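The structure appears right after this line, and notes come after that.
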Amino acid sequence: MTLKVAIIGRPNVGKSTLFNRLAGRRVAIVHDKPGVTRDRRETAAKLRDMNLQIIDTAGYEYSKEDNLEKRMWEQTKRAISDADVCLFLFDARDGLQPYDEHFAQLLRQMHKPVILLANKCEGKLQEDSIGEAYKLGFGQPIPFSAEHGLGLQDLYEALHEHYKKDEAVPTAETDGNEDNGIEEISEEAWKKRTIQLAIVGRPNVGKSTLVNALLKDERMLTGPEAGVTRDAIASAWEYQGRKINLVDTAGLRKQSKISDSLEKMSAASTKRAAFLAQVVVLVLDADAVLDKQDLTIARQVLDEGRALVIAVNKWDIANRREAIEQLNYKLKTSLTQAEGVPTVTISALKGEGLDKLMRAVFKVYDRWNIRIPTAPLNKWFGDMIDNYPPPLGKNNRRIKLRYITQAKTRPPAFFIFSSNPEGLPDAYLRYLVNNLRETFDMGGIPIRMTVRKTGNPYKDKD
1 MTLKVAIIGR
11 PNVGKSTLFN
21 RLAGRRVAIV
31 HDKPGVTRDR
41 RETAAKLRDM
51 NLQIIDTAGY
61 EYSKEDNLEK
71 RMWEQTKRAI
81 SDADVCLFLF
91 DARDGLQPYD
101 EHFAQLLRQM
111 HKPVILLANK
121 CEGKLQEDSI
131 GEAYKLGFGQ
141 PIPFSAEHGL
151 GLQDLYEALH
161 EHYKKDEAVP
171 TAETDGNEDN
181 GIEEISEEAW
191 KKRTIQLAIV
201 GRPNVGKSTL
211 VNALLKDERM
221 LTGPEAGVTR
231 DAIASAWEYQ
241 GRKINLVDTA
251 GLRKQSKISD
261 SLEKMSAAST
271 KRAAFLAQVV
281 VLVLDADAVL
291 DKQDLTIARQ
301 VLDEGRALVI
311 AVNKWDIANR
321 REAIEQLNYK
331 LKTSLTQAEG
341 VPTVTISALK
351 GEGLDKLMRA
361 VFKVYDRWNI
371 RIPTAPLNKW
381 FGDMIDNYPP
391 PLGKNNRRIK
401 LRYITQAKTR
411 PPAFFIFSSN
421 PEGLPDAYLR
431 YLVNNLRETF
441 DMGGIPIRMT
451 VRKTGNPYKD
461 KD
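Counting from 1, one number per residue, gives the positions in the sequence shown under the working numbering.
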């Protein structure tokens, strides 16, 4: 079996540090500023022979008002409800705080097994705090240091009481890496592969609302405040029989406006998620489509070789004619490196256009994985050269392009072989790429095309 473990506690007690320690890699953002974690995050972990599914949660802050803190607590309650056992952390350096005791009282009412961790116990100065923690009613606290890995043996023994070793189950979060090599597999096997899908965009354009609408669950924390999401959060999902790893991300502002170290870490997390994805959905606000920052994000996605879909959100309240005219103009003039990018109008809040969006995702994913057979590829190549021969190169010699081959997929990359490629202008390569995209229906994906020099077979002969 896989033991589901929720890591809970008030802000800044080291929950995300423990989450990363158990995950064995830096998954969650860790910062000295309290309240960094807002959404619940899940990933697979292994502690010796135990398979774990660990959940990082927001720090508990009491609030009766309908505000961000209350919505964060609702997400934490969901994590506690889903968990088999809870790891309740308190800061042994600071000692028990009123929030710790209040949180413990609420936790007892939820009737979940609890393991109490006295975190930040790097020395003996915290012994008084450890003794004081008995009054929380969760039994003997375990002296622990998530930062230094102290106390893992005691944690293992405490968790093992709730664990029965069995076959592991699939996990929710993956690292998003894919094989870019040439691999021939059946169509049935291909459709069983998990699609890595990232949702990106500027702050407050509705990314988390879109993720919740797709999942049909209040999985992500949302609200009117800009910048609610601070970290990239992955959710396992299945749509029409296709497995998808759906990643919500923090909003990206202009680099020049980012000065706070936490926002820099959030931006880095978003870019890492986007660059490890296979398909990226760029969410736009219908009232400001493809502004300078949107274009920057789109270009970065394409430069990294990812497939791109543009979703124009808040379509239910948009000036539609003006938005469409602006979108078409910007695509034509400012995003020429991936002509034919699919654009879909949606309303994430009302759940409109989502099926259309996912059809576009699947279509561009299939294009991203396309392999063109050698015969039709070289037939097309010969026609292109006949219609528009390469220009003169060095020494006024005609550049001879001999043949073309597809080197790899994801994204499609092609090698053109020539005995004298020096001087072939970029404009001619753009001519080939644009026509290739049009002929083989490859809109919305980056295409790599490189000219290589062929060897002279008689060079080393006497």
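Quick reminder that beta carbons are idealized off the backbone N, C-alpha and C, glycines included.
For clarity, every value in this text was computed on a predicted model and none was experimentally measured.
8 Å CB neighbourhood of residue i in its chain, flanking five on each side removed
| i | result |
| --- | --- |
| Thr439 | Trp380 |
| Leu215 | Ser235, Trp237 and Leu246 |
| Ile447 | Pro411, Pro412, Ala413, Phe414, Val433, Leu436 and Arg437 |
| Ile130 | Ala92, Ala118, Cys121, Pro141 and Pro143 |
| Asn319 | Ala286 and Asp287 |
| Glu325 | none |
| Glu352 | Trp315, Asp316 and Ile346 |
Proximity of residue i and residue j at Cβ, strictly below 8 Å
| i | j | result |
| --- | --- | --- |
| Ile7 | Asp84 | no |
| Leu463 | Val205 | With the chain running from 1 to 462 in the structure shown, residue 463 is simply not present. |
| Ile310 | Thr336 | no |
| Gly95 | Leu116 | no |
| Leu89 | Lys15 | yes |
| Gln406 | Arg371 | yes |
| Gly251 | Arg202 | yes |
| Arg21 | Phe103 | no |
| Ala348 | Ala232 | no |
| Thr249 | Val281 | no |
| Arg78 | Arg41 | no |
| Tyr156 | Leu52 | no |
| Trp315 | Ala288 | no |
| Ala23 | Thr43 | yes |
| Tyr134 | Met50 | no |
| Val279 | Val364 | yes |
| Leu3 | Leu152 | no |
Expected contact under 8 Å - CB spacing of residue i and residue j to nearest Å
| i | j | result |
| --- | --- | --- |
| Asn136 | Glu161 | The sequence shown places Leu at residue 136, rather than the Asn named in the question. About 19 Å; that fails the 8 Å criterion. |
| Val301 | Ala274 | 6 Å |
| Leu377 | Ile346 | Not a contact, Cβ separation roughly 36 Å. |
| Gly467 | Gly340 | Shown here, the chain extends from 1 to 462; a query on residue 467 therefore has no answer. |
| Pro391 | Ile399 | 7 Å |
| Ile54 | Val5 | 5 Å |
Bridge-paired residues (DSSP) for residue i
| i | result |
| --- | --- |
| Trp237 | Ile244 |
| Ile7 | Asp56 and Leu87 |
| Val344 | Ala311 |
| Ser145 | Leu150 |
| Ala45 | Leu52 |
| Glu339 | Per DSSP, none; premise fails for Glu339. |
| Thr454 | Per DSSP, none; premise fails for Thr454. |
| Ser208 | Looking at the DSSP assignment, Ser208 forms no beta bridge with any residue, so it has no partner. |
| Leu282 | Val200 and Ile310 |
| Glu352 | Ser347 |
| Arg321 | Its beta-bridge partners do not exist; DSSP assigns none. |
| Tyr403 | Phe417 |
| Arg398 | Leu392 |
| Arg448 | Ala413 |
| Ala118 | Phe90 and Pro143 |
| Lys408 | Ala413 |
Cutoff 6 Å; reference residue i; Cβ partners in own chain excluding five residues on either side
| i | result |
| --- | --- |
| Lys330 | Leu290 |
| Asp175 | Unreliable positioning characterises Asp175 in this predicted model, as indicated by a pLDDT of 42, which lies under 50. A coordinate reading is not provided. |
| Asn245 | Thr174, Thr194, Gln196 and Ala234 |
| Leu295 | Ser334 |
| Lys453 | Pro421 |
| Arg367 | Met442 and Ile445 |
| Thr76 | Thr57 and Ala58 |
| Ala375 | none |
| Glu304 | Phe275 |
| Glu322 | none |
Residues of its chain near residue i, where Cβ-Cβ distance is below 7 Å and the 5 sequence neighbours each way are ignored
| i | result |
| --- | --- |
| Ala277 | Gly176, Gln196, Leu197, Ala198, Val247 and Arg306 |
| Val451 | Ile416, Ser418, Pro421 and Leu424 |
| Tyr239 | Met358 |
| Met449 | Phe414, Ile416, Leu429, Leu432 and Val433 |
| Gly149 | Arg21 |
| Glu218 | Asn212 |
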